[in-house]
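Chemist:
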Amino acid sequence: MKRIINITTNEHPYSLELLPDLKHTLESYGFAVPDNFSTDAELIICIGGDGSFLNTLHKHNFPKMQLVGINTGHLGFFQEIHPHEIEEFIHAYLRGDFFVQKIRPLQATVHDNDGVSTLMGLNEIVIKSDKSRTVHLNINVNGNFIEKFSGDGLIVSTPSGSTAYNYSAGGSIVDPSLNLIQVTPLAPINTTAYRSFTSSIVLPETSVIEITPEDKFESSLLLVSDGIEFRCPEIQKISVSTSDTTVRLLRLRNYEFWSKVKEKFL
Ligand code: NAD
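Going by the numbering used here, 1553 is the number at position 248 of the sequence shown; the sequence numbering is gapless.
(1) Helix, strand or coil for Thr1550, going by three-state DSSP, please let me know.
(2) Going by beta carbon distance, what residues of the same chain come within less than 8 Å of Pro1481, once the five residues before and after it are set aside?
(3) Which whole-angstrom value describes the C-beta separation of Pro1493 and Phe1522, a residue pair presumed to lie in contact below a C-beta threshold of 8 Å?
(4) Pull up the DSSP beta-bridge partners for Ser1455, would you.
(5) Indicate the three-state DSSP secondary structure (helix, strand or coil) for Thr1344 in the structure shown.
(6) What I want to know is whether the C-beta of Leu1554 ends up closer than 8 Å to one or more non-hydrogen atoms of the ligand NAD.
(7) How about Ile1543 and Ala1413: do their beta carbons lie closer than 9 Å?
(8) Would you mind reading off the limits of the beta strand (DSSP E) that contains Phe1535?
(9) For Asp1345, which residues of its own chain have a beta-carbon under 6 Å away from its beta-carbon, when the five flanking residues on both sides are left out?
(10) Within the same chain, show all residues whose beta-carbon is closer than 7 Å to that of Ser1467, passing over the 5 residues directly before and after it, in chain order.
(11) For Leu1424 and Phe1383, I'd like the C-alpha separation in whole angstroms.
(12) Do the CB positions of Asp1417 and Ile1540 come within less than 9 Å of each other?
(13) Let me make sure I understand the geometry here. Which of Val1513, Asn1445, Ile1349 has the alpha-carbon closest to that of Asn1311?
(14) Using DSSP bridges, identify the partner residues of Val1373.
(15) Starting from Pro1325, trace the beta strand (DSSP E) in both directions and tell me its first and last residue.
(16) With Gly1374 and Ser1320 assumed to form a contact (beta carbons below 8 Å), what rounded beta-carbon distance in angstroms separates them?
(17) In angstroms with no decimal places, state the Cα-to-Cα distance between Ser1343 and Arg1400.
(18) Note down, in chain order, each residue of its chain lying with its Cβ closer than 7 Å to the Cβ of Ser1524, except the 5 sequence neighbours on either side.
(19) Taking C-beta to C-beta, are Gly1456 and Val1440 nearer than 9 Å?
(20) Is it the case that the CB of His1365 approaches a heavy atom of the ligand NAP more closely than 8 Å?
(21) Use the C-beta contact count for Tyr1334: other C-beta atoms within 10 angstroms, 16 or more gives buried, fewer gives exposed.
Written out as structure tokens, the structure reads:
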């Protein structure tokens, strides 16, 4: 039986140009590349930038199979392969010359008037007002009250999401070998009327962060997981924790996180 590889791509002309070549090259090495996403595949190759990689995960419900990205965007944090390295990558893949970076996404359980729903985020889950108003959120960690936050909102981020929205909002860059959850405030209000932490809070990955909107204020919130928006009217409670799911991201042997960080930010 042929080994199956799925390819996903964004709609960028350069990505669409690469697609038939990649398919042809993989087939010449004996792989089957189905036209429609196969759940029997051993690998997903995602052509695009970080956004396309995140979209692939969400569209296919955080699949268990390994993934690798071919970068046709700017500097991709998830995207490992340059388009000119495709053949080299296939050789390395066939030799088993790679390692798998395991990433645990966040999971948010949302209790609202419609019942309970769940969403996942590999980078982060953002909680903010759906009407550009100040949000007032009570934050509990493992059942202990931490603060009543007032401001634009909160970013709850994974270590691999720490270099994304979290970093732009003043959060810390986290080495991917550390297992933690970072809660970063968005424009926190710190006055005599409202008191909020102005820096990130860093918690163990086993933490359960419970966020409840203050009763006397509006409880309609916008939740954004990896850039995907969910408008939730009348939220009672949001519980964020590390998910049981593991994303298996394939990395070449010479992958080094901090080189990528330096390349992007310095
Ligand atoms: P997008 O796909 O255009 O991505 C926005 C930028 O974030 C791109 O440059 C992308 O390479 C970068 N990015 C994504 N994940 C990253 C990571 N883990 N480390 C470093 N850079 C990363 O935007 P989108 O589809 O709307 O959302 C995808 C991501 O964009 C979100 O998960 C969020 O982290 C990020 N974002 C950032 C800001 C900001 O920095 N102010 C605002 C909104 C969203």
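Backbone N, C-alpha and C fix where the C-beta goes; we use that ideal spot for every residue, glycine too.
Modeler: Looking at the atomic coordinates:
(1) Sequence index remark: in the sequence shown, residue 1550 carries index 245 (1-based). In the structure shown, Thr1550 sits in coil (DSSP, three-state: anything other than H, G, I, E or B).
(2) The residue you call residue 1481 lines up with position 176 of the sequence shown. Here the set comprises Gln1406, Ile1408, Pro1464, Ser1465, Phe1562.
(3) In the sequence shown, counting from the first residue as 1, residue 1493 sits at position 188. In the sequence shown, counting from the first residue as 1, residue 1522 sits at position 217. Contact flag wrong, Cβ pair sits at about 16 Å.
(4) Locating residue 1455 in the sequence shown gives position 150, where the first residue counts as 1. For Ser1455, which the question treats as bridged, DSSP gives the partners His1441.
(5) Stepping through the sequence shown from its first residue, residue 1344 is reached at position 39. Thr1344: coil per DSSP, three-state reduction.
(6) By one-based count along the sequence shown, residue 1554 stands at place 249. Not under cutoff, so the answer is no.
(7) The residue you call residue 1543 lines up with position 238 of the sequence shown. The residue you call residue 1413 lines up with position 108 of the sequence shown. Yes, Cβ-Cβ distance for Ile1543 and Ala1413 is below 9 Å.
(8) Mapped onto the sequence shown, residue 1535 falls at position 230. It spans 1533-1537 - the beta strand (DSSP E) in which Phe1535 sits, taken as one unbroken run.
(9) Along the sequence shown, one-based indexing puts residue 1345 at 40. The residues are Ile1309.
(10) Walking along the sequence shown from the start, residue 1467 turns up at place 162. Cβ within range, chain order: Gly1476, Ser1477, Ile1478, Val1479, Gln1487.
(11) Sequence index remark: in the sequence shown, residue 1424 carries index 119 (1-based). Sequence index remark: in the sequence shown, residue 1383 carries index 78 (1-based). Leu1424 and Phe1383: Cα-Cα distance of roughly 20 Å.
(12) Stepping through the sequence shown from its first residue, residue 1417 is reached at position 112. Stepping through the sequence shown from its first residue, residue 1540 is reached at position 235. The answer is yes: Cβ separation under 9 Å.
(13) Your numbering for residue 1311 matches position 6 in the sequence shown. Comparing Cα-Cα distances from Asn1311 to each of Val1513, Asn1445, Ile1349, the minimum goes to Ile1349.
(14) Mapped onto the sequence shown, residue 1373 falls at position 68. According to DSSP, which records beta bridges pairwise, Val1373 is partnered with Ile1350.
(15) Along the sequence shown, read from residue 1 onward, the residue named residue 1325 stands at position 20. No beta strand (DSSP E) contains Pro1325, which is instead part of the alpha helix (DSSP H) from 1318-1333.
(16) Along the sequence shown, one-based indexing puts residue 1374 at 69. Along the sequence shown, one-based indexing puts residue 1320 at 15. About 11 Å separates the CB atoms of Gly1374 and Ser1320; that is not less than 8 Å, and the two are not in contact.
(17) What you label residue 1343 is simply residue 38 of the sequence shown in a count that begins at 1. What you label residue 1400 is simply residue 95 of the sequence shown in a count that begins at 1. About 23 Å.
(18) Here residue 1524 refers to the residue found at position 219 of the sequence shown. Once the five neighbours on either side are set aside, the close Cβ partners of Ser1524 are Pro1518, Glu1539, Ile1540.
(19) As a first step, residue 1456 is located in the sequence shown; it is residue number 151 there, counting from the start. As a first step, residue 1440 is located in the sequence shown; it is residue number 135 there, counting from the start. Closer than 9 Å, so yes.
(20) As far as ligands go, the structure on display features the ligand NAD and does not contain the ligand NAP.
(21) Residue mapping note: residue 1334 aligns to position 29 of the sequence shown, counting from 1. Burial call: exposed.
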